[in-house]
Each structure stands twice: as C-alpha cells, then as structure tokens.
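Those sequence lines, one after another, are chains P and V.
Residue numbers for the first sequence follow our numbering, so the first one is 102 and each next one is one higher.
Residue numbers for the second sequence follow our numbering, so the first one is 130 and each next one is one higher.
Glycine included, each C-beta is placed from N, C-alpha and C at the ideal position.
Okay, so here's the structure we're looking at.
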Amino acid sequence: MDSGNIGFVMICAALVFFMTPGLSCFYGGLVRRKNAVNTMFTSVVTIATGIVMWMLFGYSLSFGPDHGGVIGDFSWFGLEGVSLTEPYIEGQGIPNMVFCLFQMMFAVITPALITGSVAGRMKFKSLFTFLVLWSFVVYYPMAHMVWGDGGFLAKIGSVDFAGGNVVHISSGITALTLCILLGKRYDYKRANYKIHNTPMVALGAFILLFGWFGFNAGSALAADGLAAHAFVTTAVSSAAAMLSWMFCDVVVNKKPTFVGACTGMVAGLVGITPGAGFVPVWAALIIGLTTSPICFFMISWVKEKFGYDDALDAFGCHGVGGIWGGICTGLFCKVSINDIGQGNGLFFGDIHLFLAQLASIGITIVVAVAGTLICYGITRLVTGKIRVTEREERVGLDRSQHGESAYPSFNGLD
Amino acid sequence: MIIKVEAMIREEKLEDVLDALAALDVHGMTCYQVMGCGTQRGFKEYAYVRGHQQVEIQMLPKIKIEVLVSSEEWEKKTIDAIQKAAYTGNIGDGKIFSYDVREAMRIRTKETGYDAIQPE
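What follows is the structure, encoded as structure tokens:
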C-alpha cells in the first residue's frame, strides 16, 4: 500500500463529505425564508443516517460479497472484517477501509440531493423515513451494480467514473417521481417563490465545486495521473457550463443571473461526473457547454409545460445533467485515458459502449422509479400522511415541523 | 370622505387577504411586518431550545395592511372582505380598525381628497 494513495483518497473523502453541508447552503438559500431551517436540516440529516447505516450494514450491502450482481450481503456487518491492509479489489492501491470511507460520503450526499424537489411541503418525519428506506431499496443496489465487485452494470460494459448513475440519475429521477407523487406546493403559481438568500446559494454552489474535485479526482482511487485528469475535466466542465448558462440567461432574459450561473456550474459538475476519468479534456469542454442549455431547457420550458413542482430543480439539474453526462461518456470515452472502459465512445467509432451506457441509464431510471414507489408506499404506512397540512405549509415548515425559525428577529415580508 | 382601514392579520393569511381585496377592486395598500400581541398577551407555548423550555413567547409576528377607501359603504365592504379572508377561528386571527383621514394628496399630480385615492 502506498501512503500517498491512502492520504489522497482520505482527503478526497473529506472533500466529498463537505459537499453535503455545501448542498444544504445551496438548497437553503433557494427556498423561502419560512422554510430555510427545514430545507437545510433535511439535506444534512443524511450525514447522521447515512454514516450510521453505512457502518452497520450499508457498506456490506453495497460492496460485500456479490449476490447475483445486484446486492452484497451482511458479511461485513458493523464494518467487521473490512481490511486495513488489503484492497477491496485486487490491484487497487488503497486498503478496503479507505475505500469504505470514500464511498460512505457518496452514500451521505446522494439521498440529500433528493430533498431539493420536495422542499416546502413534505413532513420531516416522512422525508426522514423515506431517505432511510431509499438507501436500502435504491442506493445500495445501485452502488453494487455499478461499482461493486461482480456488479451487473459493470459487467455489461457500462462505465460510471464518479457516480452519474449511482448518485445523480438515481437521486434526480427519484426527486422527479417523489415531487409528482407529492403534488405542487400550495402557493405554486400563486405567490412569488423568491430566492431568500442569493449569497448563501452561491456559497453553497462553490462549496459543491470545491468538494467535487475530491468527488471526481478521488474516484481514481489513487494519487496518479488519472486523478489529475479527472480534476482537470471537472474544472473545465463546470466553468464551461457556468458560461453557457449565463449565455442562456442573456438570450432569454437579457441579463445574466447569479443564481443561474451557480446552477449552471453545478449542472456542469453533474454532467462531467460519469465521464471525468474517461473522456479527453476537450470533450469536457463540450460536455460543460452542452449540459447547461439542456438543463436550462428542462427547467424553464419542460417543467413549465408539464407542471410538476420540482421546487429546487433536483431533477432538472441532477437527473437531466446525469443522463446527459452518461450519454456523453458513451460518445467521448477513450480507452487510452482509462483502461477500465471496455471500448471507445461512439465518437471514435465504437458503438458498444454507447449502447451499454444507454442500457445502464435505462436500468437506473427503472430502479429509481420502482424504488421510489416502494419507499413512498412504506413511508405512508409508517408515518401516515406524507404531506404537511395546508396550514402548516403556509405557516412554514420551520415553525410547523421544528418550532424553529431561521431569522427570528428579521422583519420583512416573505 | 376618506377612511383608513387597518388590519392586523396572520402572516400566512396575507395572500388570501390580497386576493380578497383584489376581487373587491381595492388595489392600493401598504403592508408592514409587525410584532405584537392581543389581550391574551401572546402565545401560551414556550420556545424550546436545546432541550430547555425558555421564556413564554409574547410578541408574535403579524402583518399589518393599510387601505384607504372613499366611503362608509366601501369601508364596510373592505372590512368584511378582510375579516372573511383572514379568519381561522383561533385566537390570534388579528384585528381590524378604521379611522377618518383628514387629507390625502397624490405626490406626482398634487391631486387631493377623493381624487388622490382613486385610480386615474
């Protein structure tokens, strides 16, 4: 074992961890003042549930000995038997425990992403229960199928460098399904949903960018050239996506918006995630430039057209960006960059990987939708009504769910 | 004759009251966020912080709306509309007051009295 690799991946794990508080600032700033505490709380509560579950059985179910290519088992219950010296898969440069730590942070942030779509109307206890169940039903199997030893989506030849399928498509599709099941916010299209704290949105977005370097570069699982490559593609894609969102804003509305630029940057990060360690640097520029307009179109036009209330665009950003990133990986993947890829992308004349990417995206969508329906059903049995009452919604979830207030001394209409 | 109607209402009822006033064709108004309490001296709940029960909440956030109308008939209509829209039946629904206003002037045109508070 090389201490450089171990040190690098552990620092990356801490960077990935920091994305969750960043996300809570990003989401917290986007909502109305009366829902700020609830929104921030729901997106960091997965730090508590995610880590405890990961220690008890999450890692074992995700990465334990393979069962049918779909799920692990309970043989590493309580992290017993997770080696401090031997790697998870032969040839990895880090001990199993370091891999476990790094993956733990992914299991923390993924459920947190979902909370954006249901902000402002879901009972805290229901959302909490849903997120716990969702980790079982969707996240652990997805992580196993894509990254686990013997995982079925890896076997069909699809690749996912840092979590396009596992993290972004699964959470984005879940967010969409859940917000449709839950219905619109009471005041949707009636009151003005003002962004209550733009600087906090920006702070959160740039914390996400900072953490994302660990997310993508760390997914090389070694301090090597591939990590540097993923770092570069991540930076290029997010910067390009920020520019192209500003361009969309100017074309549509004449003025570039700060919140738009931050959203575009996050979309660019999502877009590059599956391909960060597979595509050439110039392709990262293309992915970044194209992801924002696609997300922009989905958020500004498709959402309007179909009238689903994806409050903070968890689907529009993560679902759509993740799907587009997965497709782009199938287009631009190059084996000379990373030999895990079992073939070049369509752009270089090989169709096999492209089809495998489409198949893995399709399977992820099916798993996420089915898993969401199951979790929604069980949550209803456990916590009763999933939505808050109309009155609780209007008073605000901060007071009705927690008895707290983000800005108790602040006077100003919301 | 100009009459000012002032209503102290629940925060979450603002949109309902605005809709009710719009339906009446009453459009001009001023809103404030205010703190206050009624004769019950605030809430009977206690603020809960880190496992402690803290002091009783006395001053509660409310919204105050001011509307100027031009006759007693409109005063009554406005008060009725606000009462219906802001009603929940619980303590803390608020109060409505009305006053005579001595004079009004539209700054831009220097119109006074009735003309100052009517749409052009």
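The C-alpha of Ser338/P is placed about 59 Å away from the C-alpha of Gln169/V. Shown here for Gly170/P: same chain residues with a beta carbon closer than 7 Å to its own, the five before and five after excluded, namely Met246, Gly251, Gly252, Phe253, Lys256 in chain order.
Classified as buried, Glu494/P has 16 or more neighbouring CB atoms from the shown chains inside 10 Å of its CB.
The continuous alpha helix (DSSP H) containing Ser125/P extends over residues 104–131. Among the CB atoms of chain P, one or more fall inside 8 Å of the CB of Tyr177/V. Boundaries of the beta strand (DSSP E) harbouring Gln162/V: 159–165, taken from the DSSP string. Note on geometry: alpha-carbon atoms of Ala412/P and Thr230/P lie some 20 Å from one another. Taking a cut-off of 8 Å on C-beta distances, the segment 471–482 of chain P does not touch the segment 407–423 of chain P, as fewer than three cross pairs fall below it. Counting only the Cα atoms, Arg237/V lies some 55 Å from Pro212/P.
Here Val153/P is exposed, its C-beta having fewer than 16 other C-beta atoms within 10 Å.
Rounded to whole angstroms, Ser161/P and Val468/P show a C-alpha spacing of 20 Å. For the segment 470–496 of chain P, residues whose beta-carbon sits nearer than 8 Å to a beta-carbon of chain V comprise Arg492, Arg495, Val496.
From the beta-carbon of Glu141/V, the residues of chain P found nearer than 8 Å are Arg492, Arg495, Val496, Gly497. In this structure, Ile192/V lies near Cys160/V, with their beta-carbon atoms less than 8 Å apart. Straight-line spacing of the CA atoms in Gly426/P and Gly442/P works out to 15 Å. Within the segment 232–319 of chain P, the runs of alpha helix (DSSP H) at least 4 residues long that lie entirely inside it are, in chain order, 241–248, 253–256, 271–283, 299–318. Within chain V, the residues whose beta carbon sits less than 7 Å from that of Gly504/P are Tyr177, listed in sequence order. Between the segment 191–201 of chain P and the segment 381–398 of chain P, the count of C-beta pairs closer than 8 Å stays below three; the two stretches do not touch.
Per the coordinates, the alpha-carbon of Leu116/P lies some 9 Å from the alpha-carbon of Met206/P. Segment contact: the segment 380–393 of chain P against the segment 231–238 of chain P, fewer than three CB-CB distances shorter than 8 Å; contact not assigned.
Taking C-beta separations shorter than 7 Å and ignoring five residues to either side along the sequence, the partners of Ile296/P in its chain run Gly130, Leu131, Val302, Val360, following chain order. Taking Ala244/P as the centre and dropping the five residues before and after it, the same chain places the C-beta of Ser163, Phe164, Gln204, Phe207, Ala208, Val267 closer than 8 Å to its C-beta, in chain order.
Assigned with DSSP and collapsed to three states, Arg481/P falls in helix. Gly378/P has no beta-bridge partner at all, per DSSP. One alpha carbon belongs to Asn439/P, the other to Ser461/P, and they sit about 19 Å apart.
If you draw a straight line from the Cα of Asn136/P to the Cα of Gly444/P, it comes to about 47 Å.
The beta-carbon distance between Lys224/V and Met137/V, rounded to whole angstroms, is 5 Å. This is short enough to meet the 8 Å contact definition. The residues Asp414, Gly417, in chain order, have a CB closer than 6 Å to that of Ile400/P in the same chain once the five nearest residues on each side in sequence are set aside. Within the same chain, and ignoring the five residues on either side of Thr480/P in sequence, the residues whose Cβ sits closer than 7 Å to its Cβ are Ser227, Thr230, Phe231, Leu234, Ile487.
Here Gly315/P has Cys113, Leu116, Val117 as same chain residues with Cβ atoms under 6 Å from its own Cβ, once five neighbours each way along the sequence are excluded. Here the alpha carbon of Thr465/P sits roughly 10 Å from the alpha carbon of Leu459/P.
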